[in-house]
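Visitor: Heads up: the sequence shown runs through residues 9 to 200, numbered per our numbering.
All residues carry an ideal CB built from backbone N, CA and C; glycine is no exception.
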Amino acid sequence: MRIIAGKLRGRRYKAAEDPRVRPVSGRIKQSLFDIIAGLLPGSKVLDLFAGTGAVGIEALSRGAGFVVFVDLNQRCVDHLQANLVKMELNAKAKALMGNALSDLSWLAFRSGVSQFNIIFMGPPYKDLRRSPLAYTQATLQRVCEAGLLAPGGLIICQHHVKEDVSAPPGFKLVRREKYGDSYLSLFKPDGN
């Protein structure tokens with residue numbers, strides 16, 4: 009894995025080798041950070057289904073104030089934690105094992121952060137048998153139920169183009185970009 013920009017630009021790090029982990033492409037990552045550049049400095053970022061940690065580590069390199077990584081795979085969490093220590097980012101981040109598809113009320117207690125300015129989720133598209141999965145809408149609902157988004161914040165979902173993802177009650181879709189078989193869908197609370 010390679011960091012694209014910021015204070016750690018060009019730095020490489022290793023990720024857990026796991027067939028279930030699909031790293032975000034460089035093209036999507038670059039576009040994502042072009043979109044959120046103005047919101048990022050000093051922000052609190054939540055990276056759900058973190059996997060390799062590519063989004064959260066890039067956010068830290070580009071000036072995010074604090075990042076919480078959540079993944080269900082303990083190997084990914086362990087690799088993330090080791091990478092954070094190696095890059096001297098561990099004071100500005102926390103890697104947690106947890107299920108993003110379940111009630112997320114535990115997150116504020118375990119992370120020490122009650123609300124986030126930017127929430128990114130990139131759930132898996134397919135299982136090991138290549139059967140399609142549709143986790144984005146359920147996770148989006150859990151995030152909203154737990155009240156994890158700070159006022160003026162932004163939720164970004166990376167999902168398969170065939171997965172139907174719509175704004176939950178009280179939110180609106182503000183942007184949707186297509187990259188191959190993926191969409192980046194951006195949601196804000198109504199009134200923002």
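(1) Just to confirm before moving on: does the CB-CB distance between Gln149 and Pro176 stay below 7 Å?
(2) Between which residues of its own chain and Arg10 is the CB-CB distance below 6 Å, once the five residues before and five after are set aside?
(3) Is it true that the CB of Gln123 sits closer than 7 Å to the CB of Met105?
(4) Whose C-beta lies closer than 6 Å to the C-beta of Glu56 among residues of the same chain, with five residues either side of it excluded?
(5) Using only CA atoms, which one of Val76, Phe74, Thr60 lies nearest to His87?
(6) Determine the DSSP secondary structure at Glu66, reduced to helix, strand or coil.
(7) May I have the straight-line CA-CA distance separating Thr147 from Ile127, to the nearest angstrom?
(8) To the nearest angstrom, how far is the alpha carbon of Lys186 from that of Ile36?
(9) Let me check one thing: in DSSP terms, what residues is Val78 bridge-paired to?
(10) Roughly how many angstroms lie between the CA atoms of Gln220 and Ala13, to the nearest whole one?
(11) Could you tell me the distance, in whole angstroms, from the CA atom of Trp114 to the CA atom of Asp42?
(12) Got a sec? Which residues, its chain only, sit under 6 Å from Cys152 by beta carbon, not counting five neighbours each side?
(13) Going by DSSP, what residue range makes up the alpha helix (DSSP H) through Leu148?
(14) Exposed or buried, what is Phe117 when buried is set at 16 or more other beta-carbons lying within 10 Å of its beta-carbon?
(15) Counting along the chain, where does the beta strand (DSSP E) carrying Leu157 start and finish?
(16) To which residues of the same chain is Lys15 closer than 7 Å at the C-beta, ignoring the five residues directly before and after it?
(17) Could you give the DSSP three-state label for Arg20: helix, strand or coil?
Guide: In brief:
(1) yes
(2) Arg20
(3) no
(4) According to the sequence as given, residue 56 is Leu; it is not Glu. Excluding residues within five positions, the ones whose Cβ falls inside 6 Å are Val78, Ala108, Met129.
(5) Thr60
(6) helix
(7) 11 Å
(8) 9 Å
(9) Leu56, Leu104
(10) Outside the shown range of the chain (9 to 200) lies residue 220, about which nothing can therefore be said.
(11) 31 Å
(12) Pro176
(13) 144 to 153
(14) exposed
(15) 157 to 168
(16) Ser69
(17) strand
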